[in-house]
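Colleague: Count the sequence shown with mature numbering (1 follows the signal peptide of the UniProt record, and there is no 0) and you get residues -24 to -1, 1 to 673, in order.
Each residue gets a CB set at the ideal place from its N, CA and C atoms; glycine is no exception.
For clarity, every value in this text was computed on a predicted model and none was experimentally measured.
Below are the structure tokens for one structure; questions will follow.
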Amino acid sequence: MASGSRLWGVLLLLPLLLPAACRAGGGCSGEGGPLEPFDELYASGVEAYYSGDFAGAARCLERALRSRRELRDARLRCRRRCRGQVRLEAPGPGAGGDLPFFGSVLRRAGCLRSCEEPRLGAASRHRAAEEVRADFQRRVPYSYLQRAYIQMNKLEEAANAAHTFFMANPEHMEIQQDIENYKTTAGKVSLVDQEARQHMEDYSAGVRHYDKEEYELAIDLLERALKGYYSEDADCQIMCEEPQKFEEHEYLEYKAGLYEAIADHYMQVLACKHDCVRELATRSGRISPIENFLPLHYDYLQFAYYRVGDYVKALECAKSYLLFHPDDEDVLENAGYYEGLLEGMMDPDTIKPRKEAKMLLRRHKLESHLLQVAAAGLGYTYTEPNYWNRYGARQDEHSVPSSISSEPEDGPRLSLAKKPVPKPDRELKEGGPLLYSDVKFVYNSQQLNGTQRVLLDNVISEEQCRELHRVASGIMLAGDGYRGKTSPHTPNERFEGATVLKALKYGYEGRVPLKSARLFYDISEKARRIVESYFMLNSTLYFSYTHLVCRTALSGQQERRNDLSHPIHADNCLLDPEANECWKEPPAYTFRDYSALLYMNADFEGGEFIFTEMDAKTVTASIKPKCGRMISFSSGGENPHGVKAVTKGQRCAVALWFTLDPLYRELERIQADEVIAMLDQEHLGPSEMNINPKDEL
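As structure tokens, this is what we get:
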């Protein structure tokens, strides 16, 4: 799973597109005229950093971050103003009845343009590439800022920049160590997240006070979090009125009529608006939201108000929560309990759910209805996500007891339920035969401090390592297997790769020795058989992807590196360290069941393979690669792993991922099997290879 740094290639191109003055740093010297595009400032900052102009880099990067914020603020301000100044008119009957509506649309568009252009200039100036936007989402500019500030001896600014980056990239263990160093050397204990979302900060602080039974403080913060949430929701709705991608259509062939084009564009805007509840519940840099986020505010509040004796507000919040979960037995009982406490003082029926919650839920249901109707009528697929999952109390700082033991049994309870622990879909075993006499067992799961792990040596010989490396040199291409990105995980290393099918094709064409090309195929099959046997699998293990990959440290870019060669991740789910969860959902390769890495060399520095806890910080095992060593493990969230920075030389390995589901067999492997069958018919079978079936036990 690639981090934001994988997008480095675009950044290398951007400086070439800028004016000479900007490339020299002059583009960051003045602030007159229209707002400077943040992507150009970012490219200038990165170029200044690598040219050693750290003051210029810091200046440009600070300006880039400020420009991006100002761009959003300017667009929000203009869209709010034009909404107020130009109301959309309802179409009338008869011929020309649609003219009032379209006339108001045109007037609003003109209003937006006349409002934005004086500050922003032409709209096309601020259309940053998707890769650059992803870097800002992952807070990559703060990583450069931190290092620039260090060179400038601005330790307090460096500490805050490192902390801001780390909050969205908890897999960067080096950054965590840098932060600890700042606390020691600069005496800085309180760190500032410069991109913090205030409603999230208030919510987290409110929950912390709740856990300490400081209910009045919790109420103040949770109410402030709610106010901030609804304000952010309104902004999110407005910001969805951006240019959208027509993903279903090739631009030059797009021939939709007026109403089809409007419907296509509006459905994408509507889907964006509908997803605001997920956006507002997702921490920066994370993939999955805090489940049940908005309803949780009301659940905490209903109980906190009860504890401070405000039964009216307790009932109001309980009824607000029930809008989202009308069948929640705990809160239904709580609401009845509060009504009983209020009897004789007032009519409990006069206490209603909060208007803002009711309005948001009504809008959300209408959005869902329109999206599903449009999907059926326009012929595309739409699946409504479960935005209000009741299993919202994760095993992290947001977890609270489902009941308070000091309360009477008939008193109110929190509705928060623990998410049930999923059972493995198969019986987990290990310790089966290794099949080959030369293969040496090193460590099992227990010795590697984990589950379904094994470390083996001598899987291939020194001669086979050298031969495989010669093959790699002849067939690998930069970025192969990484969608053409030469530095997919870090800008400080170059990645090259090749597949089994490519090796066999090169061998058949005579571009590399055919015997050597076949070696790649045979050792990957050998690895598959060992994994299947050792973990005592009852069904066939299939290849899902096979990749020979080398990563090379780039000279001049290794000083004070604070990243990993491959960030901490899991192979079949999306790791969410803060929630202590791994979400088995796309874009993760959810069909992967086992993984293996077979190493080819040891003549490099760094590059240790590491397992961690699900927090992506606590290392449970560290493995130094060498020729013939293989680490294998189950692919799920039980085995988060990564690779430490390669700081000198080249590290090569055969990476293998396996599946138990034949539907997800690797297509290239099937094609490679056909090539092998053809070669065997031409008497070029395994008897000519260095891997001999007689080696089997």
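Quick one: grab the DSSP three-state call for His241.
Modeller: Helix, per DSSP.
Colleague: Only counting the same chain, and skipping five residues up and downstream in sequence, which positions put a Cβ closer than 7 Å to that of Gln61?
Modeller: Cβ within range, chain order: Cys87.
Colleague: So which of Glu132, Tyr274, Glu255 has the shortest CA-CA distance to Asp196?
Modeller: For the residues Glu132, Tyr274, Glu255, the minimum Cα distance to Asp196 belongs to Tyr274.
Colleague: Measuring alpha carbon to alpha carbon, tell me which residue in Asn577, His617, Glu236, Lys593 is nearest Gly604.
Modeller: The shortest C-alpha separation from Gly604 is found at Asn577.
Colleague: Of the residues Leu202, His340, Glu46, which one's Cα is nearest the Cα of Leu96?
Modeller: Of the listed residues, the one whose Cα sits closest to Leu96 is Glu46.
Colleague: Can you check whether the CB of Val447 is closer than 8 Å to the CB of Arg645?
Modeller: No, the Cβ-Cβ distance between Arg645 and Val447 is not below 8 Å.
Colleague: When you compare the segment 270 to 290 with the segment 301 to 310, are there three or more beta-carbon pairs, one atom per stretch, that lie closer than 8 Å?
Modeller: Output reads yes: the segment 301 to 310 touches the segment 270 to 290.
Colleague: Could you check the C-alpha separation between Pro94 and Pro10 for me, to the nearest Å?
Modeller: Taking the straight line joining both Cα atoms gives about 7 Å.
Colleague: Out of Leu495, Ala98, Glu581, state which residue places its alpha-carbon closest to the alpha-carbon of Ala51.
Modeller: Note on identity: in this sequence residue 51 is Arg, with Ala being the wrong assignment. Of the listed residues, the one whose Cα sits closest to Arg51 is Ala98.
Colleague: Specify, as a first and last residue, the run of the beta strand (DSSP E) that Met606 falls within.
Modeller: 606 to 610 is the extent of the beta strand (DSSP E) around Met606.
Colleague: Quick one: residues in its chain with C-beta nearer than 8 Å to the C-beta of Pro117, no 5 flanking neighbours on either side, listed in chain order?
Modeller: Taken in chain order, the residues that qualify are Tyr18, Gly21, Leu37, Ala40, Leu41, Asp111.
Colleague: Using C-beta distances below 8 Å, list every residue in its chain close to Gly625, excluding the 5 sequence neighbours before and after it, in chain order.
Modeller: Cβ neighbours of Gly625 beyond the five flanking positions: Thr528, Ala529, Asp579, Phe580, Glu581.
Colleague: According to DSSP, is Val525 helix, strand or coil?
Modeller: DSSP places Val525 in strand when its eight states are reduced to three.
Colleague: Could you spell out where the alpha helix (DSSP H) holding Glu315 opens and where it closes?
Modeller: Counting along the chain, the alpha helix (DSSP H) containing Glu315 begins and ends at 305 to 318.
Colleague: Consult DSSP for Ala333 and reduce its assignment to one of helix, strand or coil.
Modeller: Helix, per DSSP.
Colleague: Can you give the Cα-Cα distance for Lys502 and Gly450, rounded to whole angstroms?
Modeller: Their backbone Cα atoms lie some 23 Å apart in a straight line.
Colleague: Any idea what DSSP makes of Arg370, helix, strand or coil?
Modeller: Any reading at Arg370 is ruled out, since the residue's pLDDT is 29, under 50, leaving its predicted position unreliable.
Colleague: By the three-class DSSP mapping on this structure, what secondary structure does Lys593 have?
Modeller: Three-state result, Lys593: coil.
Colleague: Give the DSSP-derived three-state secondary structure of Asp433 in the structure shown.
Modeller: Asp433 falls in the strand class under three-state DSSP.
Colleague: Please say whether Arg184 and Ser260 have beta carbons closer to each other than 8 Å?
Modeller: In this structure, Arg184 does not lie closer than 8 Å to Ser260 by Cβ.
Colleague: Hey, quick one: how far does the beta strand (DSSP E) through Leu550 stretch, first residue to last?
Modeller: It spans 550 to 552 - the beta strand (DSSP E) in which Leu550 sits, taken as one unbroken run.
Colleague: Suppose you measure from the CA of Met606 to the CA of Lys491; what does that come to, to the nearest Å?
Modeller: So the alpha carbons of these two residues sit roughly 23 Å apart.
Colleague: Identify which residue in Asn556, Glu403, Lys416 has its Cα closest to the Cα of Leu513.
Modeller: Among Asn556, Glu403, Lys416, the Cα nearest to that of Leu513 belongs to Glu403.
Colleague: The alpha helix (DSSP H) with Leu643 in it runs from where to where?
Modeller: Here the alpha helix (DSSP H) through Leu643 covers 643 to 657.
Colleague: Based on the DSSP secondary-structure assignment, which residues constitute the bridge partners of Gly473?
Modeller: According to DSSP, which records beta bridges pairwise, Gly473 is partnered with Leu453, Val525.
Colleague: State the Cα-Cα distance for the pair Leu246 and Glu332, rounded to the nearest angstrom.
Modeller: Looking at the two C-alpha atoms, the distance is approximately 20 Å.
Colleague: Distance check for Arg44 and Pro377, CA to CA, integer angstroms please.
Modeller: Because the pLDDT at Pro377 is just 29, under 50, the model does not fix this residue reliably, and the point stays unresolved.
Colleague: Find the nearest neighbour of Pro489 within the set Tyr510, Asn468, His445, judged by alpha-carbon distance.
Modeller: Looking at the Cα atoms, His445 is the closest of the given residues.
Colleague: What is the DSSP secondary structure of Glu177, reduced to helix, strand or coil?
Modeller: Looking at Glu177 - three-state DSSP - the assignment turns out to be helix.
Colleague: On the three-state DSSP scale, how would you describe Lys188?
Modeller: Lys188 falls in the coil class under three-state DSSP.
Colleague: Sorted by chain position, which residues of the same chain lie with C-beta nearer than 6 Å to Glu226's C-beta, five sequence neighbours on each side aside?
Modeller: Low confidence applies to Glu226: its pLDDT is 44, below 50, so where it sits in the model is not reliable, and the reading given next is rough at best. For Glu226, where only same-chain residues beyond five positions count, there are no Cβ hits under 6 Å.
Colleague: Might you give, ordered along the chain, the residues of its own chain that have their beta carbon closer than 8 Å to the beta carbon of Gln657, omitting 5 neighbours on each side?
Modeller: Nothing meets the Cβ criterion.
Colleague: Locate the alpha helix (DSSP H) running through Tyr575, then write down its first and last residues.
Modeller: Element bounds for Tyr575: not the alpha helix (DSSP H) but the beta strand (DSSP E), 570 to 575.
Colleague: In chain order, what residues of the same chain have a beta carbon less than 6 Å from the beta carbon of Ile544, not counting five sequence neighbours either side?
Modeller: Glu147, Thr588, Ala592, Pro616, Gly618.
Colleague: Where does Thr466 fall in DSSP's three states?
Modeller: It is coil, neither helix nor strand.
Colleague: Taking the straight line between their C-alpha atoms, what separation do you get for Leu234 and Leu299?
Modeller: Taking the straight line from one Cα to the other gives about 39 Å.
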